[in-house]
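Asks:
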Amino acid sequence: MPGPTVTPEIELIIEKKTGDSGGGNLPPSGRNGGGDDGKRPRREDSSPKRYYTGMALGIVSILMFFMALAAAFLVLRGSRNWVPVHIPTLMWFNTGVLLASSATLEMARHRLAERQLSAYRNLWLVTTALGVGFLVGQIFAWRQLTAEGIYLANNTASSFFYIFTGLHALHLFGGIAALLYVAKRNFDHAQVTRSVAAEVTSYYWHFMDALWLFLLALLYLGK
Numbered sequence: 002m003p004g005p006t007v008t009p010e011i012e013l014i015i016e017k018k019t020g021d022s023g024g025g026n027l028p029p030s031g032r033n034g035g036g037d038d039g040k041r042p043r044r045e046d047s048s049p050k051r052y053y054t055g056m057a058l059g060i061v062s063i064l065m066f067f068m069a070l071a072a073a074f075l076v077l078r079g080s081r082n083w084v085p086v087h088i089p090t091l092m093w094f095n096t097g098v099l100l101a102s103s104a105t106l107e108m109a110r111h112r113l114a115e116r117q118l119s120a121y122r123n124l125w126l127v128t129t130a131l132g133v134g135f136l137v138g139q140i141f142a143w144r145q146l147t148a149e150g151i152y153l154a155n156n157t158a159s160s161f162f163y164i165f166t167g168l169h170a171l172h173l174f175g176g177i178a179a180l181l182y183v184a185k186r187n188f189d190h191a192q193v194t195r196s197v198a199a200e201v202t203s204y205y206w207h208f209m210d211a212l213w214l215f216l217l218a219l220l221y222l223g224k
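The sequence shown lines up with residues 2 to 224 when you count with my numbering.
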């Protein structure tokens, strides 16, 4: 009789199709991982190279701008309208604060690599606080100069002094904003990991440190 033999064959075909569709719908393995906390899966990241490239282009453009100012400084140094500006002692202290911020930033990145998130956040906030402290110290140094009657328009040397220190402070403020952004950002569903964001931000911050040392040396030689 054909009836009893057809029914089992139909059942086998249905079971086979069901098993194939079930296997095809299995979720992919977690090779892409999650955020830096390892708690949630994240979508495929875009290449981090574009973040490094963007930061490199930004640093180069800032460097070229300040090199043009430095060239003008060296050309005009010693001109008839050049009255050297004494660097306030407070600015040397501010320099130490800025260098300390670079040290704490690297310590924070090291803790992040070790997945010590609490220590990383604390050190990251210390870095931000030191950056703010540097800017506050610069404001007090400027006030000290104005109390001595040294203003932007006094002479060529004083103009360069305020231009160098003021523009550096402005760019450093951008670095502080980046530090705060990384500290507050939720990276679970971001297109960039916390590690990459911290590394890119550190490049800019260390560049600001090196730039300040260069400008301070120029101002010291211009005395």
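Built from N, CA and C at the ideal position, the CB exists for glycine as well.
Just so it is clear, the structure is predicted and the values come from calculations on it, not from any experiment.
(1) Can you tell me the Cα-Cα spacing of Phe-174 and Val-183, whole angstroms?
(2) Which residues mark the beginning and the end of the alpha helix (DSSP H) in which Ala-109 is found?
(3) Need the endpoints of the alpha helix (DSSP H) that Glu-200 sits in, please.
(4) Return helix, strand or coil for Ala-179, following the three-state DSSP convention.
(5) Three-state secondary structure (DSSP) at Ile-151?
(6) According to DSSP, simplified to helix, strand and coil, what is Val-127?
(7) Measure from the alpha carbon of His-87 to the alpha carbon of each residue in Leu-146, Gly-176 and Leu-77, then state which is nearest.
(8) With DSSP run on the structure shown, which of helix, strand or coil describes Ala-142?
(9) Any idea what DSSP makes of Val-137, helix, strand or coil?
(10) Would Phe-162 be called buried (16 or more neighbouring beta carbons within 10 Å of its own) or exposed?
(11) Taking contact to mean at least 3 C-beta pairs separated by less than 8 angstroms, is the stretch 74-93 in contact with the stretch 133-153?
(12) Could you please give the first and the last residue of the uninterrupted alpha helix (DSSP H) stretch that includes Val-76?
(13) Taking the straight line between their C-alpha atoms, what separation do you get for Ala-73 and Asn-156?
(14) Tell me whether the stretch 91-111 and the stretch 187-195 touch, counting them as touching only if at least three CB pairs, one residue from each stretch, are closer than 8 angstroms.
(15) Leaving out five residues on either side along the sequence, give the residues of the same chain with a beta carbon under 6 angstroms from the beta carbon of Arg-186.
(16) Considering only residues of the same chain and omitting the five flanking positions on each side of Ala-211, which have a CB-CB separation below 6 angstroms?
(17) Starting from the C-beta of Ala-71, find all residues in its chain whose C-beta is less than 7 angstroms away, skip the five residues before and the five after it, and write them out in chain order.
(18) If you draw a straight line from the alpha carbon of Met-68 to that of Arg-78, how long is it in whole angstroms?
(19) Short of 6 angstroms in beta carbon distance, which residues of its chain neighbour Ser-159, apart from the five on each side in sequence? Order them along the chain.
(20) Taking the alpha carbon of Val-98 as the reference point, which residue from Asn-123, Ser-80, Asn-82 and Leu-214 has its own alpha carbon closest?
(21) Taking the straight line between their C-alpha atoms, what separation do you get for Thr-128 and Ser-102?
Replies: Taking the coordinates as given:
(1) 14 angstroms
(2) 90-114
(3) 195-222
(4) helix
(5) coil
(6) helix
(7) Leu-146
(8) helix
(9) helix
(10) buried
(11) yes
(12) 50-77
(13) 14 angstroms
(14) no
(15) none
(16) none
(17) Leu-219
(18) 15 angstroms
(19) Val-86 and Ile-151
(20) Leu-214
(21) 5 angstroms
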